[in-house]
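Let me begin by presenting the structure, written as structure tokens, before commenting on it.
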Amino acid sequence: MGAIERSGYLFEPEHSVIAQNGAIHVYKEGEFIEEIKFSFSGKYPELGQIEELVDTYCEENGIC
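Per our numbering, residue 85 is the first one in the sequence shown, and the count goes up by one each step.
Structure follows, in structure tokens:
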């Protein structure tokens, strides 16, 4: 799963299969802004789940 770019922001997901949790690191112009934490089930988080979290973050912060 690669990074997602939206309106000058970069969203880099990472996850732990053992802990069943993950995070999306948010960057703007190379500077770390914050971390969005989430949980999932299965071997990997679903791409749709990651995209939904990014969309929600963008809407809540007036990015998109």
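Just so you know, even glycine gets a beta-carbon here, dropped at the ideal spot from N, CA and C.
What are the partner residues of residue i, as DSSP defines its beta bridges?
i	result
N105	S100 and S123
L94	E89 and Y111
E118	V110
Considering only C-alpha positions, which residue in the set the options is nearest to residue i?
i	options	result
N145	K127, F124, I134 and V110	V110
G114	A87, L94, I88 and G86	L94
R90	S100, K112, G126 and Q104	K112
A87	Q104, I108 and A103	I108
Round the Cβ separation of residue i and residue j to the nearest angstrom and send it over; I've been treating them as touching at under 8 Å.
i	j	result
P97	I147	Not really, about 17 Å apart at Cβ, beyond 8 Å.
F122	G106	5 Å
Y128	H99	7 Å
Using a threshold of 8 Å, state whether the C-beta atoms of residue i and residue j are closer than that.
i	j	result
L137	I120	yes
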